[in-house]
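J.:
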Amino acid sequence: MHYNYLLQIMTDDTYLEILFKAGWILVPILFMSVAEIYIIIERWIVVAQYSKKNNTLTQVKKHLETGNISAALQFCESQKNPSARMLAAGLRSIGQPIQDIEQAMETEALRQTDELEHNMSYLGIISTVAPMLGFLGTIFGVIKIFYNISLIDNISIGGISSGLYQKMVSSAAGLWVGIVAYVGYQLLNGAISRITIRMERDGNELIGFLKTKK
């Protein structure tokens, strides 16, 4: 009986029609879905570009070996990656104490990391809020169902289950949006961590190289 009823539901309603029966709560969930897709794609394009291996540090050291600081700086400024920008900040400080060079690179590294993590916090918010909104929509739906039951004497199991499945769609939608945001956040965060580790390594190597030239 229940199997036949389920088949009837799936025959009468398409998945899209079922989705929109979730009610008004679906509007913010859909909005968050669009936002997360945009953020994930936009950030992934940027991070993928910066994740490529580069020989910036090698070229900088070659120029410094000949004492050509301006050529090393020009090379860094021509490169479009976080490590190059950080190294450029250090090169501009050459002539000052090593501690000042380190501080300049650390400050630039933090700025580059902040740019890499642009809008990432929204993914964290969506991964938490979307499932909660979906659950809230289901709770509102259940409250409405039982309120309607209290107004009538004839209780129909079919009527209850029909209304309930519609409202549970909001929970499913919220969970799906939250899962996508969480997975996207973790993947992007891992890629950004690898870039920051590379920046730290390049910075340490440059400082070590400069110390040997003192």
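The sequence shown: position 118 = 1268 (the numbering used here), numbered continuously.
Just so you know, even glycine gets a beta-carbon here, dropped at the ideal spot from N, CA and C.
Computed from a predicted structure; not experimentally measured.
Return the Cβ separation of Leu-1241 and Leu-1207 in integer angstroms, given the expectation that the two are a contact with Cβ distance under 8 Å.
T.: Along the sequence shown, one-based indexing puts residue 1241 at 91. Along the sequence shown, one-based indexing puts residue 1207 at 57. Incorrect: roughly 11 Å between the Cβ atoms, too far for contact.
J.: Going by the CB atoms, is the gap between Ile-1251 and Ile-1357 shorter than 8 Å?
T.: Position 207 of the sequence shown holds residue 1357. Position 101 of the sequence shown holds residue 1251. Yes, these two residues count as a Cβ contact at 8 Å.
J.: For Asn-1231, count neighbouring C-beta atoms within 10 Å of its own C-beta (all shown protein chains included) and say buried if the count is 16 or more, exposed if not.
T.: One-based indexing of the sequence shown puts residue 1231 at position 81. Counting Cβ neighbours within 10 Å, Asn-1231 comes out buried, since at least 16 surround it.
J.: What does the Cβ neighbour count give for Gln-1262, buried or exposed, with the cut at 16 atoms within 10 Å?
T.: Residue mapping note: residue 1262 aligns to position 112 of the sequence shown, counting from 1. Buried, by the Cβ-count rule.
J.: Would a C-beta distance cut-off of 8 Å place Ile-1276 and Ala-1341 closer than the cut-off?
T.: What you label residue 1276 is simply residue 126 of the sequence shown in a count that begins at 1. What you label residue 1341 is simply residue 191 of the sequence shown in a count that begins at 1. Result no, Cβ atoms of Ile-1276 and Ala-1341 do not sit closer than 8 Å.
J.: Relative to the alpha-carbon of Ser-1382, which residue among Ala-1331, Pro-1281, Glu-1256 and Thr-1257 has its alpha-carbon at the smallest distance?
T.: With the chain represented from 1151 up to 1364, any question about residue 1382 goes unanswered, as that position is not in the structure.
J.: Am I right that Ser-1320 and Leu-1176 are in contact with their C-beta atoms under 8 Å? What's the rounded C-beta distance?
T.: Indexing the sequence shown from 1 puts residue 1320 at position 170. Indexing the sequence shown from 1 puts residue 1176 at position 26. Ser-1320 to Leu-1176, Cβ: 6 Å. Contact.
J.: Measuring only the C-alpha atoms, how far is Glu-1101 from Ala-1259?
T.: The structure shown does not extend to residue 1101, since the chain spans only 1151 to 1364, so no value can be given for it.
J.: My guess is that Ile-1295 and Leu-1314 are in contact by the Cβ rule of under 8 Å, so how many angstroms apart are they, rounded?
T.: On the sequence shown, residue 1295 is found 145 positions in, with the first residue counted as 1. On the sequence shown, residue 1314 is found 164 positions in, with the first residue counted as 1. With 8 Å as the limit, Ile-1295 and Leu-1314 qualify as a contact, their Cβ atoms being about 6 Å apart.
J.: Give me the Cβ distance between Ala-1254 and Ser-1243, rounded to the nearest whole Å; I'm assuming they're in contact under 8 Å.
T.: What you label residue 1254 is simply residue 104 of the sequence shown in a count that begins at 1. What you label residue 1243 is simply residue 93 of the sequence shown in a count that begins at 1. Rounded, the Cβ-Cβ distance is 4 Å, consistent with contact.
J.: Just to confirm, is the Cβ distance from Tyr-1335 to Leu-1273 under 8 Å?
T.: Here the question's residue 1335 lines up with position 185 in the sequence shown. Here the question's residue 1273 lines up with position 123 in the sequence shown. Result yes, Cβ atoms of Tyr-1335 and Leu-1273 sit closer than 8 Å.
J.: In this structure, what does DSSP give as the bridge partners for Gln-1246?
T.: What you label residue 1246 is simply residue 96 of the sequence shown in a count that begins at 1. Per DSSP, Ile-1244.
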